Amino acid sequence: MRMEQLVALCKRRGFLFQSSEIYGGLNGFWDYGPLGVELKRNVREAWWHNMVTAHNDLAAPAGAPEPYAMTGLDCAVIMHPQVWKCSGHYDLFLDYFVDCRESNRRYRYDQIAGRWVECDAQRVFVTSYQSGDDAAAEIEQKALKFFKLRAKDKDRLRWEPGVTTLDKVGETSRVVGPDAKSLGTLTAPREFNLMFETYTGAVRDESSKTFLRPETAQGIFVNFKNVLDSTRLKVPFGIAQIGKSFRNEITPRNFTFRSREFEQMEIEFFCRPDSSAAWYRYWRDRRFRWYVELGLAGERLRLRDHDPDELSHYSCGTADIEYAFPFLAPGEFGELEGVAHRGDFDLRSHMEGKLVRAGDDFAVETDEHGRPRYRGSGKDLSYYDDETQQRFIPHVIEPSAGADRAALAFLCEAYNEDEQPDEKGVAQKRVFLKLHPRLAPIKAAVFPLVKKDGMPEIAKDIYAALKPRFPAFYDEKGAVGRRYRRQDEAGTPFCVTVDSQTLADGTVTIRDRDTLQQWRVPKDACAEEIRARLG
RNA sequence: GCGGGUGUAGCUCAACGGUAGAGCAGUAGCCUUCCAAGCUACCUACGAGGGUUCGACUCCCUUCACCCGCUCCA
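In my numbering, the protein residues as written are 43 to 577.
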């Protein structure tokens, strides 16, 4: 399947529209249309139902170390700015970049290594985008090349001591870029802040600056104590939240995959430190199965454990659930969900202040006066276990899923083409969305075979009986084959048709979207018949 | 943000410095007894803003969006 076909179908049938399309669109933002809003609601509801509503707090599900409780939360998008300073987003989401006019490459400003060198009365800063010894070696090579010297003439280079980074140099006119041959090809550094800023209250100054959340997780951490104090929950338990997050991505791309406004479905699961590894494995496998059960069953879905050097600064174990989206190169996968073992990093950060790694542990980051760089709340977020009479800071397992990415993956997987004979027996191409019935926007369509003989009246009664129970659609226009095909394209799993036999014995046909098979049921039983097949 | 490409109807594609056309889709009606049938009629477009010109969809500039590559990606 080519991605353009799916994008065209999504627009044609009302799954997804570009945001503000009549004004030319806005990069990185998307709107869900009449069918899309139902699909996405179904994704959210399947997640919330499976993770929270239907969870039995008293029994351990298969693979879980012990019984655990699940509850929910719905936090504000805008939170106290200190939340983002302590979480690390304020510093880490703020990057400086320089571009090279010669190589057309972009570099992190603080990651360009370089060294001053002088030759023939010309002093330049030669750089490399490598790090450590690789950088030193490359800088030496590049300096020789820049001054057009042979290796044996390297004594003519007068090096100043120490490799440093470009951000310590300040200006770029005497800098040789990492992939450039000439001088001064780098632009001035430009700031990229991945957090959207806004101002709270009528006065716009530094003190009123706030941020749209770049993830929903922090709202859960800062409410950890509130939930504990208001619910009598005991560790282990999880708090779920679904909500919008915002990241001012440099390059939104690939349909809705990387959007600037997106919806997350996150669980923060709090457990005893000594059992956190077992819980991490449980959630990794449990979340993977969720996608499989909703239809991402093939080779395009995979579970991938991160390499140790790939882990985030807080994490001691992360696995991605990934899907081979059609817009990616063959063999490449895009992240649907990350399941991370976050240790006690988050709760400690909001107690003590922003943490940085110190050996195997973390310590509060300090400023030049030795005080915390960003002060925490000072509130005690530890947990007292009545049974063991121990106090500890719970460890956190975080399964963090993208609702829009999941919806997109389900659409990609559902897109199918086959050939079915038309009324003359000639094979015709058919496009259909093989969505899991739980995800399908419309569960059933009701048709009179023809628009006469009292069939529309019976069909309308059936429609009226279905509609209060699940999304249904009525259509009496044109040939029935065309009506079937339209529903196939919308992913409707079942079509109910009133025909002449209905007039005689009160039965109707039910047609299956994937197999095209039909069977008869009494017309009063078709709501229950369909309900039973919705899963 | 850089380089390359593309913007005409809901979709796929034409044409032309001087009245924008087709197929499919859609709507209405007729017909139709199970898989995009037929007939009739109808609806709908030059991404946006400037400039050149008597006249611009066409030429030029700017901008926006999409695609590919780079870059980035908790």
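All C-beta atoms, glycine included, are put in the ideal place defined by N, C-alpha and C. Quick caveat, the model's predicted, so the values are computed rather than measured.
Quiz item: Are the stretch 433-445 and the stretch 377-385 in contact at 8 Å, needing three or more beta carbon pairs?
Solution: yes
Quiz item: Which one of Phe167, Thr240 and Ser173 has the shortest CA to CA distance from Leu186?
Solution: What you label residue 186 is simply residue 144 of the first sequence in a count that begins at 1. Out of Phe167, Thr240 and Ser173, Phe167 has the C-alpha closest to the C-alpha of Leu186.
Practice problem: For Leu491, I'd like the list of residues in its chain whose CB is within less than 8 Å of its CB, leaving aside the five on either flank, ordered along the chain. | Solution: In the first sequence, the residue the question calls residue 491 occupies position 449. Answer for Leu491: Met497, Val522, Thr539, Val540, Asp541 and Ser542, listed in chain order.
Self-check item: Unbroken beta strand (DSSP E) run spanning Asn268, endpoints
Solution: By one-based count along the first sequence, residue 268 stands at place 226. Not the beta strand (DSSP E): Asn268 falls in the alpha helix (DSSP H), residues Phe266 to Thr273.
Quiz item: Looking at the unbroken alpha helix (DSSP H) that takes in Leu475, where does it start and where does it end?
Solution: As a first step, residue 475 must be located in the first sequence, where it is residue number 433. From DSSP, Leu475 is part of no alpha helix (DSSP H) but of the beta strand (DSSP E) over Ala469 to Leu475.
Quiz item: Anyone know if the C-beta pair for Gly280 and Tyr110 falls short of 8 Å?
Solution: Locating residue 280 in the first sequence gives position 238, counting from the first residue. Locating residue 110 in the first sequence gives position 68, counting from the first residue. The answer is yes: Cβ separation under 8 Å.
Quiz item: Roughly how many angstroms lie between the CA atoms of Gln164 and Trp201, to the nearest whole one?
Solution: Here residue 164 corresponds to residue number 122 of the first sequence, with the count starting at 1. Here residue 201 corresponds to residue number 159 of the first sequence, with the count starting at 1. Going from the Cα of Gln164 to the Cα of Trp201 covers about 12 Å.
Self-check item: Candidates Thr169, Leu134 and Gly174: closest to Phe188 by CA position
Solution: As a first step, residue 188 must be located in the first sequence, where it is residue number 146. Ranking Thr169, Leu134 and Gly174 by Cα distance to Phe188 puts Thr169 first.
Quiz item: Which same chain residues, not among the five before or five after Lys502, have their C-beta less than 7 Å away from its C-beta?
Solution: As a working mapping, residue 502 is identified with position 460 in the first sequence. Excluding positions up to five away in sequence, the list reads Tyr516.
Quiz item: With respect to the alpha helix (DSSP H) encompassing Thr360, which residues constitute its N-terminal and C-terminal limits?
Solution: Counting from one through the first sequence, the residue named residue 360 turns up at place 318. First-last for Thr360: Thr360 to Tyr365, but that is the beta strand (DSSP E), not the alpha helix (DSSP H).
Quiz item: How many angstroms separate the CA atom of Pro231 from the CA atom of Lys210?
Solution: Taking the first residue of the first sequence as position 1, residue 231 is located at position 189. Taking the first residue of the first sequence as position 1, residue 210 is located at position 168. For Pro231 and Lys210, the distance between alpha carbons rounds to 12 Å.
Self-check item: Inter-stretch contact at 8 Å, needing at least 3 Cβ pairs: the stretch 406-418 / the stretch 356-370
Solution: no
Quiz item: Which ranges would you report for the alpha helix (DSSP H) in the stretch 63-112 if only whole runs of at least 4 residues count?
Solution: 76-90
Quiz item: Pro123 and Phe253 look like a contact to me (Cβ under 8 Å); what is the Cβ gap, rounded to whole Å?
Solution: As a working mapping, residue 123 is identified with position 81 in the first sequence. As a working mapping, residue 253 is identified with position 211 in the first sequence. At roughly 6 Å, the Cβ-Cβ gap stays under 8 Å, so Pro123 and Phe253 are in contact.
Exercise. Tell me whether Lys485 is buried or exposed, calling it buried when 16 or more other Cβ atoms sit within 10 Å of its Cβ.
Key: To locate residue 485, count along the first sequence from 1; it is residue 443. Buried, since its Cβ has 16 or more Cβ neighbours within 10 Å.
Quiz item: Unbroken beta strand (DSSP E) runs of length 3 or more, entirely within the stretch 132-219: which are they?
Solution: 136-141, 148-150, 155-161 and 164-170
Quiz item: Do the stretch 267-282 and the stretch 237-248 touch if we need at least three Cβ pairs shorter than 8 Å?
Solution: no
Practice problem: Quick one: give me the first and last residue of the beta strand (DSSP E) that Lys286 is part of. | Solution: The residue given as residue 286 occupies position 244 in the first sequence. Note, Lys286: beta strand (DSSP E), Phe279 to Phe288.
Self-check item: Span of the alpha helix (DSSP H), counted from its first residue to its last, around Lys127
Solution: Your numbering for residue 127 matches position 85 in the first sequence. First-last of the alpha helix (DSSP H) with Lys127: Pro123 to Ser129.
Quiz item: Expressed to the nearest angstrom, what Euclidean distance is found between the alpha-carbon atoms of Pro256 and Thr298?
Solution: One-based indexing of the first sequence puts residue 256 at position 214. One-based indexing of the first sequence puts residue 298 at position 256. Rounded to the nearest angstrom, the two C-alpha atoms are 16 Å apart.
Quiz item: When you compare only the Cα positions, how much space is there between Thr207 and Pro436?
Solution: Translated into the one-based positions of the first sequence, residue 207 becomes position 165. Translated into the one-based positions of the first sequence, residue 436 becomes position 394. Their backbone Cα atoms lie some 39 Å apart in a straight line.
Quiz item: Between the C-alpha atoms of Arg295 and Ala400, what's the straight-line distance to the nearest angstrom?
Solution: If you number the first sequence from 1, residue 295 lands on position 253. If you number the first sequence from 1, residue 400 lands on position 358. One C-alpha to the other measures close to 37 Å.
Quiz item: Counting pairs of Cβ atoms below 8 Å between the stretch 391-399 and the stretch 421-428, do you hit three or more?
Solution: yes
Practice problem: Report the option in Trp158, Val205 and Leu450 whose CA atom is closest to the CA atom of Asp175. | Solution: As a first step, residue 175 must be located in the first sequence, where it is residue number 133. Selected option, being the one with the closest Cα: Val205.
Exercise. Have a look at Phe71 and Cys454 and give me their C-alpha separation to the nearest angstrom.
Key: As a position in the first sequence, residue 71 is number 29, starting the count at 1. As a position in the first sequence, residue 454 is number 412, starting the count at 1. Roughly 19 Å separates the two Cα atoms.
Quiz item: Do you know how far the Cα of Glu461 is from the Cα of Tyr365?
Solution: Here residue 365 refers to the residue found at position 323 of the first sequence. Here residue 461 refers to the residue found at position 419 of the first sequence. One C-alpha to the other measures close to 27 Å.
Quiz prompt | Proximity winner among Phe330, Glu459, Gly219 and Arg447, relative to Gly105 (alpha-carbon distances) | solution = On the first sequence, position 63 is the one that residue 105 refers to. Cα-wise, what sits closest to Gly105 is Phe330.
Self-check item: Whole-angstrom distance between Asn235 and Ser215, CA atom to CA atom
Solution: Within the first sequence, numbered from 1, the residue matching residue 215 stands at position 173. Within the first sequence, numbered from 1, the residue matching residue 235 stands at position 193. The straight-line gap from Cα to Cα measures roughly 25 Å.
Quiz item: By Cβ distance, which residues of its chain are closer than 6 Å to Met45, with the 5 residues on each side in sequence left out?
Solution: On the first sequence, residue 45 is found 3 positions in, with the first residue counted as 1. Hits under 6 Å: Pro368 and Phe369.
Quiz item: Considering only the beta carbon of each residue, do Glu459 and Val468 sit closer than 8 Å?
Solution: Indexing the first sequence from 1 puts residue 459 at position 417. Indexing the first sequence from 1 puts residue 468 at position 426. Contact flag unset, no.
Quiz item: Where does Pro479 land, buried or exposed, given buried means 16+ other C-beta within 10 angstroms?
Solution: Within the first sequence, the letter at position 437 stands for residue 479. Buried, because 16 or more other Cβ atoms sit within 10 Å of the Cβ of Pro479.
Quiz item: Exposed or buried, Thr430, counting other C-beta atoms within 10 Å across all chains shown (16 or more means buried)?
Solution: Within the first sequence, numbered from 1, the residue matching residue 430 stands at position 388. Exposed is the call here.
Quiz item: Between the stretch 567-575 and the stretch 506-516, do at least 3 Cβ pairs fall closer than 8 Å?
Solution: yes
Quiz item: If you count every other CB in all the chains shown that lies within 10 Å of the CB of Ile64, and 16 or more means buried, which is it?
Solution: As a working mapping, residue 64 is identified with position 22 in the first sequence. Counting Cβ neighbours within 10 Å, Ile64 comes out exposed, since fewer than 16 surround it.
Quiz prompt | Euclidean distance between Cα positions of Ala581 and Asp327 | solution = The question about residue 581 has no answer, for the chain in this structure spans 43 to 577.
Quiz item: Does the beta-carbon of Arg54 have 16 or more other beta-carbons within 10 angstroms, so that it is buried, or is it exposed?
Solution: As a first step, residue 54 is located in the first sequence; it is residue number 12 there, counting from the start. Arg54 comes out exposed.
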